[in-house]
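Those protein sequence lines, which keep their order, are chains A and B. If you count the first sequence from 1, position 15 lands on 14 in our numbering, and the numbers rise without skipping. Count along the second sequence starting at 1, add 867, and that's the number in our numbering.
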Amino acid sequence: GESVGLHLPTLSVQEGDNSIINCAYSNSASDYFIWYKQESGKGPQFIIDIRSNMDKRQGQRVTVLLNKTVKHLSLQIAATQPGDSAVYFCAEMHSGYALNFGKGTSLLVTP
Amino acid sequence: SQTIHQWPATLVQPVGSPLSLECTVEGTSNPNLYWYRQAAGRGLQLLFYSVGIGQISSEVPQNLSASRPQDRQFILSSKKLLLSDSGFYLCAWSLASSYEQYFGPGTRLTVT
Chain A
0 GESVGLHLPT LSVQEGDNSI INCAYSNSAS DYFIWYKQES GKGPQFIIDI RSNMDKRQGQ
60 RVTVLLNKTV KHLSLQIAAT QPGDSAVYFC AEMHSGYALN FGKGTSLLVT P
Chain B
868 SQTIHQWPAT LVQPVGSPLS LECTVEGTSN PNLYWYRQAA GRGLQLLFYS VGIGQISSEV
928 PQNLSASRPQ DRQFILSSKK LLLSDSGFYL CAWSLASSYE QYFGPGTRLT VT
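And the structure:
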């Protein structure tokens, strides 16, 4: 279950640098993964997804890497911009309908 | 294109009062619909999902209920709110054939 705590892990990067946000999942049967971006007070916004039969997928400035051996997912953002500052969630699908969300990582981009 | 609406955007209700949050989707037919709750500083918890009119599945037992009176309308209700019901409530939709879920703007509920 969830651990208690109100403080999200925070990643601080300088504008223009690359960002890497990590996520560990527990269910080896999960076959679909999504990364969402959530700005303060708004609903999560879909960024990129990947199925378990892939280990890498690229989008515009974003890349998702999936390592099923160690059950690890990462989101790489190239040339991070101030508008990328947000909380990023990974989510896994393991029951057909229910997305299981991680607690999120707060990304802070500094000038 | 598809859009999803939620209202109200914010709501302050006293303990013991009823609740009704509404979600509607435009631009698609027979979507899967979802209600999530997000507590401060935490991830999203799935509360209910629906694959069709009148079909509701509950993920977490609590004093909330959901209904789907029309294909693109999803309602979250409570007869008596608890303090612990405070949070950010998000509605989402997906195509029946897809895992991708798209979220609405959310409703911030504060129970006092």
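C-beta: ideal position from N, C-alpha, C; glycine also. None of these values were measured; they are calculated from a predicted model.
Straight-line gap, residue i to residue j (C-alpha atoms, nearest Å)
{"i": "A:Ile76", "j": "A:Arg56", "result": "12 Å"}
{"i": "B:Gln905", "j": "B:Tyr956", "result": "6 Å"}
{"i": "A:Ala78", "j": "A:Ile19", "result": "11 Å"}
{"i": "B:Leu962", "j": "B:Ser925", "result": "19 Å"}
{"i": "B:Gly883", "j": "B:Lys946", "result": "8 Å"}
{"i": "B:Gln940", "j": "B:Gln929", "result": "21 Å"}
Cβ-Cβ distance between residue i and residue j below 8 Å
{"i": "A:Leu116", "j": "A:Leu72", "result": "Lying before the first or after the last residue shown, residue 116 of chain A is absent from chain A, which here runs from 0 to 110."}
{"i": "A:Val86", "j": "A:Gln13", "result": "no"}
{"i": "A:Leu107", "j": "A:Ser11", "result": "yes"}
{"i": "B:Gly833", "j": "A:Gly42", "result": "Because chain B here runs from 868 to 979, residue 833 of chain B falls outside it and cannot be looked at."}
{"i": "B:Gln880", "j": "B:Leu948", "result": "yes"}
Nearest candidate by alpha-carbon position, reference residue i, set the options
{"i": "B:Gln912", "options": "B:Ala959, B:Val978 and B:Ser964", "result": "B:Ala959"}
{"i": "A:Met118", "options": "A:Gly101, A:Val61, A:Tyr31 and A:Ser105", "result": "Lying before the first or after the last residue shown, residue 118 of chain A is absent from chain A, which here runs from 0 to 110."}
{"i": "A:Gln80", "options": "A:Tyr96, A:Pro8, A:Thr9 and A:Thr109", "result": "A:Thr109"}
Same chain only: Cβ atoms within 7 Å of residue i, ignoring 5 sequence neighbours per side
{"i": "A:Ala23", "result": "Lys70 and His71"}
{"i": "B:Gly908", "result": "none"}
Where residue i falls: helix, strand or coil (DSSP)
{"i": "B:Ala952", "result": "Per the sequence presented here, residue 952 of chain B reads as Asp, with Ala not at that position. In this structure, B:Asp952 counts as helix in the three-state DSSP scheme."}
{"i": "A:Gly82", "result": "helix"}
{"i": "A:Leu10", "result": "strand"}
{"i": "A:Lys142", "result": "Residue 142 of chain A is absent from the model: chain A starts at 0 and stops at 110."}
{"i": "A:Val61", "result": "strand"}
{"i": "A:Gly15", "result": "coil"}
{"i": "B:Ser868", "result": "coil"}
Neighbourhood of residue i by C-beta, 8 Å cutoff - its chain only, sequence neighbours within 5 removed
{"i": "B:Asn897", "result": "Gly919, Asp938 and Ala963"}
Nonlocal neighbours in the same chain, by C-beta distance under 6 Å from residue i, ignoring five residues either side
{"i": "A:Lys102", "result": "none"}
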